[in-house]
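See structure below.
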Amino acid sequence: MDADDSYGATIAKRRLAALLAALRAGRGLTAAQVCARLDWGRGKLGRFEMNRWKRPELSDIRDLLRLYEVDGRTRERVVRLAVLARRRAWWRDYGDVFGTEYPGFENDARRIEVYAPLAVPPLLQTPAYAAAHASRLSRSAAWSARMVQATLNRQRILCRAGRSAPRVTAVVTEAALLYRWGGPGDRRAQLCRLIELAGRPNVEVRLHAFEAGPHPAPPAPLCRLLFTADDPALLFVDAGHATALVADPGEAAAQAADLAATLAGACSPEETLLRLTEMINSVD
Numbered sequence: 070m071d072a073d074d075s076y077g078a079t080i081a082k083r084r085l086a087a088l089l090a091a092l093r094a095g096r097g098l099t100a101a102q103v104c105a106r107l108d109w110g111r112g113k114l115g116r117f118e119m120n121r122w123k124r125p126e127l128s129d130i131r132d133l134l135r136l137y138e139v140d141g142r143t144r145e146r147v148v149r150l151a152v153l154a155r156r157r158a159w160w161r162d163y164g165d166v167f168g169t170e171y172p173g174f175e176n177d178a179r180r181i182e183v184y185a186p187l188a189v190p191p192l193l194q195t196p197a198y199a200a201a202h203a204s205r206l207s208r209s210a211a212w213s214a215r216m217v218q219a220t221l222n223r224q225r226i227l228c229r230a231g232r233s234a235p236r237v238t239a240v241v242t243e244a245a246l247l248y249r250w251g252g253p254g255d256r257r258a259q260l261c262r263l264i265e266l267a268g269r270p271n272v273e274v275r276l277h278a279f280e281a282g283p284h285p286a287p288p289a290p291l292c293r294l295l296f297t298a299d300d301p302a303l304l305f306v307d308a309g310h311a312t313a314l315v316a317d318p319g320e321a322a323a324q325a326a327d328l329a330a331t332l333a334g335a336c337s338p339e340e341t342l343l344r345l346t347e348m349i350n351s352v353d
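Oh and the sequence shown: position 23 is 92 in the working numbering, straight run, nothing missing.
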């Protein structure tokens, strides 16, 4: 699977949902009226417009365009979004691991800001770390293996060519790096992985050291995803069983401010590299 296979599909689906709602409203129709005219089941259009669909059917989209009497460039845009939204996304095969569409939004983000208080963020994990983390969860060995593979799949976005690779800023706490897991070689390899990633032009690793004191971010991992100017930023929090979208605007703004304060209070990238190197030398 190429790293770009599904790039843009989740955002395209989100834009398509909003555009269909706007086109219906522009015709002065209710969702119920549209469903009745197209002989659709009640609620079908509502699922479309709320982006609660997996892959749009082109025949459904064309039916809506005919009903709304859409032509020209707007019609072309709608069809183009529908085709893009239908791209096969690898994470669809890992619904039991993710539980939400978070990996799709992560896949389409231009910038990713992440903070994980007790673990290395998944995008930065070595296979051994991912396996050790998965083994601590109360799941089957088969599920754990799928989680590890899903984590490695997510990391492909860091290697995308050109400007499609996101800019990632990750805050890793000193506490998360001092846990004992695997062997000394595994722990050194994870520290080396952080240093290697921090050397890439699109990745910034920041250490939150003990002496920095308490941080304002909540105890659960946070991630803020930024897209193009046409799409609002999204904030996600790890809810244990899944990475959930913070839907309330006020709560999302407050947690985004906490995340920004945590980023500001972390070590600089340069100091982080020095400290990571020191930690490698002290692993036993």
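Here a beta-carbon is modelled for each residue, glycine too, at the ideal position from N, C-alpha and C.
Going by CA-CA distance only, name the one from the options that's closest to residue i.
i       : options                               : result
Arg-232 : Val-272, Val-147 and Arg-223          : Val-272
Ala-151 : Asp-165, Phe-305, Leu-134 and Trp-160 : Leu-134
Ala-281 : Tyr-248, Arg-124, Thr-341 and Leu-260 : Thr-341
Ala-219 : Arg-144, Gln-194, Val-352 and Tyr-184 : Gln-194
Gly-77  : Trp-122, Ile-264 and Arg-155          : Arg-155
Ala-86  : Gln-102, Gly-115 and Cys-104          : Gly-115
Thr-346 : Leu-276, Gln-324 and Phe-305          : Leu-276
Arg-157 : Arg-269, Asp-132, Lys-123 and Glu-138 : Lys-123
Ala-211 : Val-352, Asp-165, Ala-185 and Thr-238 : Asp-165
Asp-129 : Gly-141, Val-147, Arg-142 and Thr-143 : Val-147
Asp-353 : Gly-254, Glu-265, Trp-160 and Arg-262 : Gly-254
Leu-89  : Leu-206, Phe-117, Trp-159 and Ser-213 : Phe-117
Leu-263 : Trp-160, Leu-343, Arg-121 and Asp-140 : Leu-343
Gly-251 : Ser-209, Ala-325, Gly-95 and Arg-205  : Arg-205
Ile-226 : Asp-177, Ala-322 and Ala-330          : Asp-177
Trp-159 : Ser-209, Leu-221, Arg-121 and Asp-140 : Leu-221
Ala-302 : Ala-308, Ala-325 and Ser-209          : Ala-325
Asp-307 : Ser-209, Phe-167, Gly-268 and Glu-265 : Phe-167
Where do the N-terminal and C-terminal ends of the beta strand (DSSP E) with residue i fall, by residue?
i       : result
Phe-117 : That residue, Phe-117, is in no beta strand (DSSP E); its alpha helix (DSSP H) goes 113-118.
Cys-357 : No statement about residue 357 is possible, as the shown extent of the chain runs from 70 to 353 and does not include it.
Tyr-184 : 180-185
Ala-313 : 312-314
Leu-276 : 272-277
Ala-239 : 236-242
Mind checking residue i: buried by the 16 CB within 10 Å criterion, or exposed?
i       : result
Pro-290 : buried
Cys-228 : exposed
Leu-294 : buried
Tyr-248 : exposed
Met-119 : exposed
Pro-283 : exposed
Asp-108 : exposed
Asp-71  : The pLDDT assigned to Asp-71 is 43, lower than 50, so where the model puts this residue is not dependable, and the model offers no usable value.
Ala-335 : buried
Pro-125 : buried
Thr-143 : exposed
Asn-213 : Here residue 213 turns out to be Ser, not Asn, going by the sequence shown. So Ser-213 ends up on the buried side.
Thr-238 : buried
Leu-127 : exposed
Since residue i and residue j should fall inside the 8 Å C-beta cutoff, what is the C-beta to C-beta distance between them, to a whole number of angstroms?
i       : j       : result
Thr-169 : Ala-311 : 5 Å
Pro-338 : Val-274 : 7 Å
Glu-182 : Leu-328 : 6 Å
Ala-278 : Glu-320 : Going by Cβ atoms, the distance from Ala-278 to Glu-320 rounds to 28 Å, so no, they are not a contact pair.
Leu-304 : Val-315 : 5 Å
Tell me which same chain residues have a C-beta within less than 8 Å of the C-beta of residue i, skipping the five on either side of it?
i       : result
Asp-300 : Ile-80, Arg-83 and Arg-84
Arg-179 : Pro-235, Arg-236, Leu-295, Phe-296 and Thr-297
Val-103 : Arg-93, Trp-109, Leu-114, Leu-133 and Leu-136
Glu-138 : Arg-96
Grab me the residues of residue i's own chain with a C-beta within less than 7 Å of its C-beta, minus the 5 sequence neighbours each way, in chain order.
i       : result
Asp-73  : Any reading at Asp-73 needs caution, since the residue's pLDDT is 44, under 50, leaving its predicted position unreliable; the model's value is listed next. Result list for Asp-73: Arg-229 and Ser-233, in chain order.
Arg-223 : Pro-172, Glu-175, Pro-191 and Leu-192
Ala-106 : Per the sequence presented here, residue 106 reads as Arg, with Ala not at that position. Once the five neighbours on either side are set aside, the close Cβ partners of Arg-106 are Leu-136.
Tyr-163 : Arg-215 and Ala-219
Val-189 : Tyr-198, Val-241, Ala-245 and Gln-259
Val-217 : Pro-196, Ala-199, Ala-200 and Ala-203
Met-348 : Leu-246 and Leu-260
Arg-257 : Ile-349 and Val-352
Pro-356 : Residue 356 falls outside the range modelled here, since the chain spans only 70 to 353, and no answer is possible.
The alpha helix (DSSP H) spanning residue i covers which residue range?
i       : result
Glu-145 : 141-154
Phe-305 : No alpha helix (DSSP H) holds Phe-305; the beta strand (DSSP E) holding it covers 303-307.
Leu-206 : It is not in any alpha helix (DSSP H) - Leu-206 carries neither H nor E in the DSSP assignment.
Gln-102 : 100-106
Arg-157 : Element bounds for Arg-157: n/a, residue is neither H nor E.
Tyr-171 : 171-177
Thr-341 : 338-351
Asp-255 : 253-267
Counting only the same chain and skipping the five closest in sequence on each side, list residues whose C-beta sits under 6 Å from that of residue i.
i       : result
Leu-187 : Ala-245
Cys-292 : Val-183 and Phe-305
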